[in-house]
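J.: Just passing along the structure, written as structure tokens.
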Amino acid sequence: MGKWSSHSDKVLDTVQSGQAAAVSAVAASWCRSALRHGLDPSGARRKERLYDSELAALRAGKGELLAAAAPALDSLFGTVGRSGACVILSDVDGVVLEARSGAAETGLYDAIGLVNGAVWSEAVEGTNGIGTCLVERRPVAILREEHFASRNIGVSCMDAPVFDPEGRLVAALDVSSARPEHGDAMAGMIAALVKDAARAIERDYFCRRFSSARIVLAGEEHGSGPSLLAVDRDDLVIGATRVARKHFGLGTGPRLAPRPLADVMGQGDAAGFEDGERAVLRQALARSNGNVAAAARLLGIGRATMYRRMERAGMAGRVH
Numbered sequence: 001m002g003k004w005s006s007h008s009d010k011v012l013d014t015v016q017s018g019q020a021a022a023v024s025a026v027a028a029s030w031c032r033s034a035l036r037h038g039l040d041p042s043g044a045r046r047k048e049r050l051y052d053s054e055l056a057a058l059r060a061g062k063g064e065l066l067a068a069a070a071p072a073l074d075s076l077f078g079t080v081g082r083s084g085a086c087v088i089l090s091d092v093d094g095v096v097l098e099a100r101s102g103a104a105e106t107g108l109y110d111a112i113g114l115v116n117g118a119v120w121s122e123a124v125e126g127t128n129g130i131g132t133c134l135v136e137r138r139p140v141a142i143l144r145e146e147h148f149a150s151r152n153i154g155v156s157c158m159d160a161p162v163f164d165p166e167g168r169l170v171a172a173l174d175v176s177s178a179r180p181e182h183g184d185a186m187a188g189m190i191a192a193l194v195k196d197a198a199r200a201i202e203r204d205y206f207c208r209r210f211s212s213a214r215i216v217l218a219g220e221e222h223g224s225g226p227s228l229l230a231v232d233r234d235d236l237v238i239g240a241t242r243v244a245r246k247h248f249g250l251g252t253g254p255r256l257a258p259r260p261l262a263d264v265m266g267q268g269d270a271a272g273f274e275d276g277e278r279a280v281l282r283q284a285l286a287r288s289n290g291n292v293a294a295a296a297r298l299l300g301i302g303r304a305t306m307y308r309r310m311e312r313a314g315m316a317g318r319v320h
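Using UniProt numbering, the first residue of the sequence shown is number 1, and each one after it goes up by one.
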């Protein structure tokens, strides 16, 4: 109890100082927890947990996200689970949708409240990995006594936000550890794994959403994830990840107005009818290994017509 009391006093002193929040993200979160949400760092845990029926209904509405996240959750837990850590995926409100822990630690994390259906928003638990990540919309690590509530200081949490194919925040990916031997160095390594896993979820989520489109990798910002574009059969961009929207100035609205890929990528003037015909001719020739007669058959035209169209497209003399 002495350690809890000392922690509560430290939190309240920081909140009352009114200055620490300007230089520390953790202190700013402590201030939000106390002043905006009216929480007490020494208070008992609230019984904030969804009934099984409520959680089932919530999960049913998140099927696309959960399907996209499953491989990354499996891989991440396979890496960190052996060290006694648990892996959590919450929704944007901090409700735990998936909680994975080893058999030896299940009771411990159940007692802490890191279980399916529990609520870990800042408004409920104060400063914590899941809730603070969702508020700040960036990767965070909340280590032990950086938590607002004294009851949570035995846990270290490493989190990264997850954004959907339209660039909206939809989840937080969390790895939490209650092992005392997990220090700052271990936390740093786990934090990197969590960020990579969150980006993998976003990539798979995007590819699932646009499974019938061509996916173009248009660069990658360090630490922010891939810049992906979804392109339809007419070479129009119909989807873009959050990073791609920012990079190409495509806006943040849920609906993306289709735009020619060449325009988005800044690759020259608008194409004319002749460009489209030349593309069709080149593709047919590529499929037939450059054989004009075979390419003509693919297109359903005669060989002479094929030659005339090739000459008009400026392709005469390039193939046999």
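Ideal placement from N, C-alpha and C gives every residue a C-beta, glycine not left out.
In this text the structure is predicted, and so the values were computed from the model without any measurement.
Three or more C-beta pairs under 8 Å: does that hold for the segment 240-257 against the segment 148-158?
T.: Under the Cβ criterion (8 Å, minimum of three pairs), the segment 240-257 does not count as touching the segment 148-158.
J.: State the start and end residues of the unbroken alpha helix (DSSP H) segment that holds Ile301.
T.: No alpha helix (DSSP H) contains Ile301, which DSSP labels as neither H nor E.
J.: I need the DSSP call for Ala171, collapsed to helix, strand or coil.
T.: strand
J.: Would you say the segment 47-61 touches the segment 175-183, given that touching needs at least three Cβ pairs under 8 Å?
T.: no
J.: Out of Arg168, Ser5, Ile190, Arg308, state which residue places its alpha-carbon closest to the alpha-carbon of Cys157.
T.: The residue with the shortest Cα to Cα distance from Cys157 is Ile190.
J.: Pairing CB atoms from the segment 74-86 with CB atoms from the segment 23-30, are three or more of them under 8 Å?
T.: no
J.: Taking the C-alpha atoms as reference points, what is the distance between Thr252 and Gly107?
T.: 42 Å
J.: Compare the C-alpha of Leu143 against each of Met186, Ala70, Gly167, Asp263 and name the closest.
T.: Leu143 has its Cα closest to that of Met186, out of Met186, Ala70, Gly167, Asp263.
J.: Please list the terminal residues of the continuous beta strand (DSSP E) segment that includes Ala99.
T.: 96-100
J.: Report buried or exposed for Ala304, applying the criterion of at least 16 other Cβ atoms within 10 angstroms of its Cβ.
T.: exposed
J.: Is the separation between the beta-carbon of Val162 and that of Val170 shorter than 9 Å?
T.: yes
J.: Pair every Cβ in the segment 203-218 with every Cβ in the segment 226-235, then say whether three or more of these pairs are closer than 8 Å.
T.: yes
J.: Which partner residues does Ala160 have in the DSSP bridge list?
T.: Leu173
J.: Let me check understanding here. Comparing Cα to Cα, which of Ala123, Glu146, Glu145 lies closest to Val135?
T.: Ala123
J.: Assign Met265 to one of two classes, buried (16 or more other C-beta atoms within 10 Å of its C-beta) or exposed (fewer than that).
T.: Exposed, since its Cβ has fewer than 16 Cβ neighbours within 10 Å.
J.: Mark Met125 as exposed unless 16 or more other C-beta atoms lie within 10 angstroms of its C-beta, in which case mark it buried.
T.: It is worth fixing the name first, because residue 125 is Glu in this sequence and not Met. Under this definition Glu125 is a buried residue.
J.: Looking only at its chain, what residues have a beta carbon closer than 7 Å to the beta carbon of Glu145, apart from the 5 residues adjacent to it on each side?
T.: His7, Ile153
J.: Within the continuous beta strand (DSSP E) that includes residue 340, where are the two ends?
T.: Outside the displayed range of the chain (1 to 320) lies residue 340, so it cannot be described from this structure.
J.: Is any heavy atom of the ligand NAD found at a distance shorter than 8 Å from the C-beta of Arg45?
T.: As for the ligand NAD, it is missing from this structure, which has no ligand bound.
J.: Just to confirm my understanding: we take Ser35, look at its own chain, exclude 5 residues before and 5 after, and list those with CB closer than 8 Å. What are they?
T.: Residue 35 is actually Leu in this sequence, not Ser. Cβ within range, chain order: Val15.
J.: Could you name the residues that DSSP lists as bridge partners for Ser212?
T.: Ser212 has no beta-bridge partner at all, per DSSP.
J.: Take Asp159 and list the residues in its own chain whose beta-carbon comes closer than 7 Å to its own, dropping the five residues that flank it on each side.
T.: Gly129, Ile130, Cys133, Pro139, Val140, Ala172, Leu173, Asp174, Val194
J.: Quick check: Ala284 and Ala293, are their CB atoms within less than 9 Å of each other?
T.: no
J.: Count the other CB atoms within 10 Å of the CB of Tyr51; is the residue buried (16 or more) or exposed (fewer)?
T.: exposed
J.: Short check: CB of Ala69 to CB of Asp204, under 9 Å?
T.: yes
J.: Out of Arg45, Pro254, Ala57, Pro41, point me to the one whose CA is closest to Gly167's CA.
T.: Selection Arg45, Pro254, Ala57, Pro41 evaluated against Gly167 yields Pro254 as nearest (Cα-Cα).
J.: How far does the beta strand (DSSP E) with Ser90 in it reach, from first residue to last?
T.: 86-91
J.: Does the beta-carbon of Ala198 have 16 or more other beta-carbons within 10 angstroms, so that it is buried, or is it exposed?
T.: buried
J.: Shortest alpha-carbon distance to Pro226 belongs to which of Phe210, Ala200, Ala85?
T.: Ala200
J.: Do Val115 and Val95 count as a contact pair if the criterion is CB distance below 9 Å?
T.: No, the pair does not count as a contact, with Cβ atoms beyond the cut-off.
J.: Gly154 by DSSP, collapsed to three states: which one?
T.: coil
J.: What span of residues does the alpha helix (DSSP H) with Leu58 cover, start to end?
T.: 52-60
J.: Straight-line CA distance for Pro41 to Asp9?
T.: 9 Å
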